[in-house]
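So my numbering is basically just the index in the sequence shown, starting at one, shifted up by 685. Report on one structure; see the data block that follows.
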Amino acid sequence: MSAPKIALISAVTAAIAPARDALAADFPGAQVWNLLDDRLLPDADARGGLDAELRSRMERLIAYALDGGADGVLLTCSLYGPVAQGLSSQKPVLAPDEAAFADIADAGFRRVLVVASFANGRDDSVARIGAALGPDGPALTGLAVPEAMAATRNEDHEGLVAALVEACRPHAAAHDAVFLAQYSLAPAAAPLAEALGLSVVSGPASAAKALRALTAD
Numbered sequence: 686m687s688a689p690k691i692a693l694i695s696a697v698t699a700a701i702a703p704a705r706d707a708l709a710a711d712f713p714g715a716q717v718w719n720l721l722d723d724r725l726l727p728d729a730d731a732r733g734g735l736d737a738e739l740r741s742r743m744e745r746l747i748a749y750a751l752d753g754g755a756d757g758v759l760l761t762c763s764l765y766g767p768v769a770q771g772l773s774s775q776k777p778v779l780a781p782d783e784a785a786f787a788d789i790a791d792a793g794f795r796r797v798l799v800v801a802s803f804a805n806g807r808d809d810s811v812a813r814i815g816a817a818l819g820p821d822g823p824a825l826t827g828l829a830v831p832e833a834m835a836a837t838r839n840e841d842h843e844g845l846v847a848a849l850v851e852a853c854r855p856h857a858a859a860h861d862a863v864f865l866a867q868y869s870l871a872p873a874a875a876p877l878a879e880a881l882g883l884s885v886v887s888g889p890a891s892a893a894k895a896l897r898a899l900t901a902d
């Protein structure tokens, strides 16, 4: 039997490597198929958000992946997550962070530090976790780390880890977990967890584990 084929649908190149590496670590038998539409975010910005045409465009990309033999699909851009969540499919089609949100709920974390590299990403992620987990979910603190954005743009892994550790350390005692709200931050998860002594949840790792379970015979 051939290895499961997992299609990654991305809007930015920075999300591809973290998703691919998470699959390599947590779903090592998977074949990775990358689909990139680098106009998804600029067009959404120009239209003021996710409109009907852009929803249809993402649905066509998902259909293309499934028609092409994908056994599972992972969207790596949170803006388009609602398209995946509203889709009916016999094969798993995951929004970027839905598996991570489920992991946070299952772990019973009560105080989660939500970390992004820019304010809008922080606020969006806090709102989405709150909506997904409801009033019984954990208390959330949002944190924006602009230095992390510069590090990811420069592909500076050590700089990324250092920026996140420095920003998160003052908040560590008041939280029992950290959620990295962007795929581009996920490569720092393991060293950040070690430095803070906290659990660190990231979308790519949670999604890879979920896809492995969902595509198992």
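Using N, Cα and C, we set each Cβ at its ideal position, and we do this for glycine too.
What distance in whole Å lies between the Cβ atoms of Ala709 and Ser869, which are believed to be in contact at a cut-off of 8 angstroms? Residue mapping note: residue 869 aligns to position 184 of the sequence shown, counting from 1. Residue mapping note: residue 709 aligns to position 24 of the sequence shown, counting from 1. Incorrect: roughly 17 angstroms between the Cβ atoms, too far for contact.
Using three-state DSSP, classify Lys776 as helix, strand or coil. Counting from one through the sequence shown, the residue named residue 776 turns up at place 91. If DSSP states are grouped into helix, strand and coil, Lys776 belongs with coil.
Considering only residues of the same chain and omitting the five flanking positions on each side of Gly714, which have a CB-CB separation below 6 angstroms? As a first step, residue 714 is located in the sequence shown; it is residue number 29 there, counting from the start. Excluding positions up to five away in sequence, the list reads Ala688.
Would you report the Cα separation of Ser773 and Pro855, rounded to the nearest angstrom? As a working mapping, residue 773 is identified with position 88 in the sequence shown. As a working mapping, residue 855 is identified with position 170 in the sequence shown. The alpha-carbon atoms of Ser773 and Pro855 are separated by roughly 43 angstroms.
Distance check for Ala692 and Gly819, CA to CA, integer angstroms please. Position 134 of the sequence shown, counted from the start, is the residue given in the question as residue 819. Position 7 of the sequence shown, counted from the start, is the residue given in the question as residue 692. So the two alpha carbons sit approximately 30 angstroms from each other.
Enumerated in chain order, which unbroken segments of the alpha helix (DSSP H) with a length of 4 residues or greater are wholly contained in the region 841 to 873? 842 to 853
In whole angstroms, what separates the C-alpha of Cys762 from that of Gly827? Within the sequence shown, the letter at position 77 stands for residue 762. Within the sequence shown, the letter at position 142 stands for residue 827. Their backbone Cα atoms lie some 19 angstroms apart in a straight line.
Measuring only the C-alpha atoms, how far is Arg732 from Ala848? The residue given as residue 732 occupies position 47 in the sequence shown. The residue given as residue 848 occupies position 163 in the sequence shown. When rounded, the distance between both Cα atoms is 33 angstroms.
In angstroms, rounded to a whole number, what distance separates the CA positions of Pro789 and Pro876? Locating residue 789 in the sequence shown gives position 104, counting from the first residue. Locating residue 876 in the sequence shown gives position 191, counting from the first residue. For the record, residue 789 in the displayed sequence is Ile; it is not Pro. Approximately 19 angstroms, taken between the alpha carbons.
In terms of DSSP beta bridges, what is Leu647 paired with? Because the chain is modelled from 686 through 902, residue 647 falls outside the range shown and cannot be assessed.
Per-residue DSSP class, three states only, for Thr826: Translated into the one-based positions of the sequence shown, residue 826 becomes position 141. Strand.
Taking all protein chains shown into account, decide if Pro823 is buried (16 or more other Cβ within 10 angstroms of its Cβ) or exposed. The sequence position of residue 823 within the sequence shown is 138, counting from 1. Classification of Pro823: buried, given that the 10 Å Cβ count is 16 or more.
Would you please state the rounded distance, in angstroms, between the beta carbons of Ala878 and Val885? I believe it to be under 8 angstroms. In the sequence shown, counting from the first residue as 1, residue 878 sits at position 193. In the sequence shown, counting from the first residue as 1, residue 885 sits at position 200. Confirmed, Cβ separation roughly 4 angstroms.
So if DSSP puts Gln716 in a beta bridge, which residue, or which two residues, is it bridged to? Here residue 716 is taken as the residue at index 31 of the sequence shown, counted from 1. DSSP lists Lys690 as partners of Gln716.
Short of 7 angstroms in beta carbon distance, which residues of its chain neighbour Val811, apart from the five on each side in sequence? Order them along the chain. Here residue 811 refers to the residue found at position 126 of the sequence shown. These residues qualify, in order along the chain: Val799, Leu825 and Gly827.
Can you give me the Cβ contacts of His842 inside the same chain, cut-off strictly under 7 angstroms, excluding the 5 residues immediately before and after it? Sequence index remark: in the sequence shown, residue 842 carries index 157 (1-based). So the list reads Pro872, once near-sequence residues are dropped.
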